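The opening position of the sequence shown corresponds to residue 0 in numbering that gives the first Met the number 0, with each subsequent residue numbered one higher.
Below is one structure, written out as structure tokens; the observations come after it.
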Amino acid sequence: METLLLRRDDHGVVTVTFNRPEKKNAINATMWRELVQVFDEVEASRDDRVLVLTGAGDAFTSGADLTPGDGAENPTHGFGTAVHSMRIVGRTVLRLHELHVPTIAAVNGVAVGAGCNLALGCDLIVAADTARFSEIFARRGLALDGGGSWILPRLIGLHRAKELAYLADIISAAEADRIGLINRVVPAAELDAVVTTLARRIAAQPPIQIQITKRLLNQSLSVSMADAVEFEDIAQAGSFGSRDTAEAILAFVERREPRFTGE
0 METLLLRRDD
10 HGVVTVTFNR
20 PEKKNAINAT
30 MWRELVQVFD
40 EVEASRDDRV
50 LVLTGAGDAF
60 TSGADLTPGD
70 GAENPTHGFG
80 TAVHSMRIVG
90 RTVLRLHELH
100 VPTIAAVNGV
110 AVGAGCNLAL
120 GCDLIVAADT
130 ARFSEIFARR
140 GLALDGGGSW
150 ILPRLIGLHR
160 AKELAYLADI
170 ISAAEADRIG
180 LINRVVPAAE
190 LDAVVTTLAR
200 RIAAQPPIQI
210 QITKRLLNQS
220 LSVSMADAVE
230 FEDIAQAGSF
240 GSRDTAEAIL
250 AFVERREPRF
260 TGE
């Protein structure tokens with residue numbers, strides 16, 4: 000791939016690295032397309048259990064590449080062409096949201112605009128203490144995109160979401176943690192180790208049950224309590240018929256760690 004680095008380990012963890020460090024990993028049209036391709040590959044693989052997004056160099060990603068002729072968010076496009084181009088952005092963030100496998104953003108540096116919202120679109124966000132975040136769109140004469148209008152209110156509430164969007168401030172990792180935008184902050188030198196440990200712990204869990212739990216949580220704000228409980232009942236009934244649940248019970252009785260296969 001031209002713009003991404005992929006690494007798979009023996010634990011089922013796939014690490015995708017934005018790889019345009021000379022441009023702070025700005026996302027051009029090629030990278031948007033390659034991200035969709037990677038997400039499709041991960042979704043189709045039984046061996047991939049966790050996806051990690053991170054950036055090369057000292058940035059996570061500085062957002063969409065606005066260089067004329069290079070990015071999907073190109074100010075020189077006409078309206079019709081711009082709508083067509085922007086739909087690849089929408090398709091990418093929706094594909095990330097819909098991935099069955101758990102996702103983790105390892106934010107190693109600046110994450111702004113669409114890059115910020117790609118990080119926030121992951122299930123967990125771990126940031127280096129040197130990371131910075133911004134919904135910078137207003138400074139660029141743009142409205143929110145990258146799923147930000149949907150993600151932000153759900154993470155931090157409507158009023159805080161409006162504050163970040165209207166002011167377009169760049170905030171520290173510590174401030175992002177304080178307002179509930181991310182899960183945790185760690186020293187920059189420890190980011191890779193912390194995320195690797197976290198990803199492998201999740202990958203060691205029963206994959207199908209984790210995927211079902213992700214779906215139940217993601218839809219929780221759009222269903223009634225009655226529907227949520229019904230979905231849980233059906234999902235749990237399926238779990239009791241699975242080999243992984245039988246393995247978990249046997250491992251508990253035998254006082255050992257279970258070995259889950261996704262069956």
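Don't be surprised by glycine CBs; every beta carbon is placed ideally from N, CA and C.
Here the structure is a predicted model, which is why all the values come from computation and not from measurement.
Going by beta carbons, residue 27 and residue 60 fall outside the 8 Å limit. With 16 or more neighbouring CB atoms inside 10 Å of its own CB, residue 208 falls in the buried class. The DSSP assignment places complete beta strand (DSSP E) segments of no fewer than 3 residues inside the region 126-168 at 131-133, in order along the chain. Looking at the DSSP output, residue 110 bridges to 60 and 132. The Cβ atoms of residue 49 and residue 12 lie closer than 8 Å to each other. Put simply, of 35, 3, 9 and 55 the residue whose alpha carbon is nearest the alpha carbon of residue 108 is 55. Taking C-beta atoms under 8 Å as the contact rule, residue 220 and residue 153 qualify, at a distance of about 6 Å. Considering only 136, 58 and 103, the residue with the shortest C-alpha distance to residue 22 is 58. The closest CA to that of residue 179, considering only 212, 145 and 123, is found on 123. Under the three-pair Cβ rule at 8 Å, the region 124-140 counts as touching the region 93-107. In the pairwise beta carbon analysis, the region 195-212 is classified as touching the region 253-262: at least three pairs are separated by under 8 Å. Assigned with DSSP and collapsed to three states, residue 3 falls in strand. The region 166-174 makes contact with the region 134-142; the number of CB pairs closer than 8 Å reaches 3 or more. If the five residues before and after residue 3 are omitted, its C-beta is found closer than 8 Å to the C-beta atoms of 15, 16, 17, 18, 30, 33, 34 and 37, all from its own chain and listed in chain order. Residue 226 is classed as exposed because its beta carbon has fewer than 16 other beta carbons within 10 Å across all chains shown. Residue range 12-17 is occupied by the beta strand (DSSP E) that includes residue 14, with no alpha helix (DSSP H) assigned at that position.
Cβ atoms of residue 125 and residue 190 come within 8 Å of each other, at about 7 Å.
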